[in-house]
Amino acid sequence: MPAIARLDDTRPAVATGRNVLSGALLGLGTAAFADEVIFHQLLHWHHFYDRSTPAIGLVSDGLFHAFSWFATVAALFLLADLRRRAAFSAARWWGGLLLGSGGFQLYDGTLQHKVMGLHQIRYDVDLTAYDWTWNVIAALLVAAGAALLVRARRTP
Amino acid sequence: MTSPVPAWCLATVLLGTALLYLLGVVAVRRRGGWWPAGRAACWAAGHVAAAAALLGPPAHAAHHDFTAQMTGHLLLGMITPLLLVLAAPVTLALRALPVARARTLSHLLASRPVRTLTHPVTAALLNGGGLGALYLTGLHRAMGEHAGVNVAVHAHVVLAGYLFTAAIAGVDPAPHRPGPRVRAAALIAFLAAHAILAKHLYGHPPAGVLPADARAGAQLMYYGGDAVDLALIVVFCRQWYRAADPRRRDRPVTPRIPHQRPPRAPWRLPAPVAADRG
Chain W
1 MPAIARLDDT RPAVATGRNV LSGALLGLGT AAFADEVIFH QLLHWHHFYD RSTPAIGLVS
61 DGLFHAFSWF ATVAALFLLA DLRRRAAFSA ARWWGGLLLG SGGFQLYDGT LQHKVMGLHQ
121 IRYDVDLTAY DWTWNVIAAL LVAAGAALLV RARRTP
Chain E
1001 MTSPVPAWCL ATVLLGTALL YLLGVVAVRR RGGWWPAGRA ACWAAGHVAA AAALLGPPAH
1061 AAHHDFTAQM TGHLLLGMIT PLLLVLAAPV TLALRALPVA RARTLSHLLA SRPVRTLTHP
1121 VTAALLNGGG LGALYLTGLH RAMGEHAGVN VAVHAHVVLA GYLFTAAIAG VDPAPHRPGP
1181 RVRAAALIAF LAAHAILAKH LYGHPPAGVL PADARAGAQL MYYGGDAVDL ALIVVFCRQW
1241 YRAADPRRRD RPVTPRIPHQ RPPRAPWRLP APVAADRG
């Protein structure tokens, strides 16, 4: 099996989409996993479930939890498939990964925390600094991912 | 999960199904066939998991011990079905039975009712719906009061779990099984329902369960469920990965479980470089 494929013209056309998809799925899964381990289990900043969460927040959380768990495994198998076909493109894959992790964090920080009131980043403190840090990091990840993808497109 | 059925009765049933599989393996071998030992080990391990849930500590814990019940639920509803599905009992039956009976069985499996029942969406609804009915209605309380309800719930947990696992990532022949997208969607929907139910139980204990006990049990359901689901997702993705192999087209079609033991490539030292022979 070849190592990371060199950029050449024999690469199948479908590979761009698959590289971005594999990276984005793993990014989403990693961000969700990091959120769970760091903020729920190590820091205990988030609650497993506080009773004030409305039903829509609970459903959104459950669906995202299930999807991200599945996405993590599926992304790794997709990556193995890309390597098997010698169609792996590092720039596109990393671009997808940053886009996926930033996108999840932005969704979690704005819609899930603020609009649906799922839970807050931390309790009994002034949330302003936490919310801004959370969402600015997310926006930076998205911007970096998009920049990588645009650059990968310009340099075939 | 306390059981009103005497332990010897459950043990007899479990021993019976384990022996039936063994008889199948013997029948296949007598005909000169081969059956992978790993599959038989899966069948045995599935029976050990079921015995642990029905006869072990979870069965002896008080009815009010929610965490112990949840351990039983994980063993009986998720781990046992996954192991039994990986043992490929239908493939074994098709190979062990005489041709006429095997044909009847394969006709039965292809019939419309069985096809509907083994569709991923039906199986996910049966499995998730059963869980919802158990913990969100009065069924949980009725289980402790009526022996019949108790037996029916246990049977449903194992059967619906098996049906769902087989519909998502079964290794037995399933000619009418929908494509990977439908199966992935059904799997994700079920995982989500499982996670939502676990969080709901954390905040809203079932009747007769203490809040602290419900919280411990709900977290076990959430994280334990994730651990077993990880195995199920890996099995599912591995099947896709093997089916999508680009070199597959060049190879002749081989059955998933060959009739004869595949030749084992002997291990050899790497060939020495020509210059070293000098």
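For the record, the sequence lines run as chains W and E. In terms of our numbering, the first sequence opens at residue 1 and continues consecutively. In terms of our numbering, the second sequence opens at residue 1001 and continues consecutively. All C-beta atoms, glycine included, are put in the ideal place defined by N, C-alpha and C.
N- and C-terminal bounds of the alpha helix (DSSP H) containing residue i
i: W/I121; result: Neither: W/I121 is in no alpha helix (DSSP H) and is coded neither H nor E.
i: E/R1039; result: 1037–1055
i: W/G29; result: 15–34
i: E/A1218; result: 1211–1243
i: W/S60; result: 55–84
i: E/Y1021; result: 1007–1030
i: W/S101; result: 90–107
i: W/R153; result: 128–154
i: E/K1199; result: 1180–1203
i: E/F1164; result: 1147–1169
i: W/V158; result: This structure does not reach residue 158 of chain W, given that chain W is present from 1 up to 156, and the question cannot be answered.
i: E/R1115; result: 1112–1117
Neighbour list for residue i in chain E, Cβ cutoff strictly below 8 Å
i: W/L58; result: I1196, K1199, H1200
Residue-chain proximity (residue i, chain W), Cβ-Cβ < 8 Å
i: E/W1240; result: yes
i: E/A1007; result: no
i: E/D1213; result: no
i: E/A1051; result: no
i: E/D1229; result: yes
i: E/L1226; result: Sequence check: residue 1226 of chain E is Asp here, not Leu. Chain W contact via Cβ: present.
i: E/A1184; result: yes
For residue j and residue i, the rounded distance between their alpha carbons
i: W/G62; j: W/R154; result: 39 Å
i: E/L1134; j: E/V1153; result: 8 Å
i: W/L79; j: E/W1240; result: 13 Å
i: E/V1085; j: E/D1172; result: 8 Å
i: E/T1137; j: W/W69; result: 29 Å
i: E/A1050; j: W/S60; result: 33 Å
i: E/H1146; j: E/P1211; result: 24 Å
i: E/D1065; j: E/H1140; result: 13 Å
i: E/I1257; j: W/H119; result: 49 Å
i: E/A1088; j: E/L1023; result: 14 Å
i: E/G1046; j: E/A1040; result: 10 Å
i: E/T1165; j: W/A91; result: 37 Å
i: E/L1230; j: W/L148; result: 31 Å
i: E/L957; j: W/H46; result: No statement about residue 957 of chain E is possible, as the shown extent of chain E runs from 1001 to 1278 and does not include it.
i: W/A55; j: E/A1216; result: 21 Å
i: W/A86; j: W/W134; result: 37 Å
i: E/L1010; j: W/V142; result: 56 Å
i: E/F1236; j: W/L76; result: 13 Å
i: E/Y1162; j: E/T1122; result: 13 Å
i: W/L58; j: E/I1168; result: 25 Å
i: W/D35; j: E/R1183; result: 27 Å
Cβ of residue i within 8 Å of any chain E Cβ
i: W/R83; result: no
i: W/H46; result: no
i: W/Y25; result: The question names Tyr, but residue 25 of chain W in the sequence shown is Leu. W/L25 does not count as touching chain E.
i: W/G29; result: no
Cross-chain neighbours of residue i in chain E, by beta carbon under 7 Å
i: W/G49; result: The sequence as given places Tyr at residue 49 of chain W; Gly does not occur at that position. Neighbours of W/Y49 on chain E, chain order: K1199, Y1202, G1203.
i: W/A66; result: I1188, L1191, A1192, A1195
i: W/A80; result: Y1241
Chain W residues whose Cβ lies nearer than 8 Å to that of residue i
i: E/I1233; result: W69, F70, V73, A74
i: E/P1246; result: R84, R85
i: E/A1207; result: Going along chain W, no residue has its Cβ under 8 Å from E/A1207, so there is no contact; the nearest lies around 17 Å.
Interface partners of residue i on chain A, CB under 8 Å
i: W/F77; result: The structure shown contains no chain A; its protein chains are W and E.
Interface partners of residue i on chain W, CB under 7 Å
i: E/Q1219; result: F48
Contact list for residue i against chain E, beta-carbon separation under 9 Å
i: W/G62; result: L1191, A1192, A1193, H1194, A1195, I1196, L1197, A1198, K1199
Length at least 4, wholly inside the segment 1054–1106 of chain E: the alpha helix (DSSP H) runs in chain order: 1057–1060, 1066–1074, 1080–1086, 1089–1096
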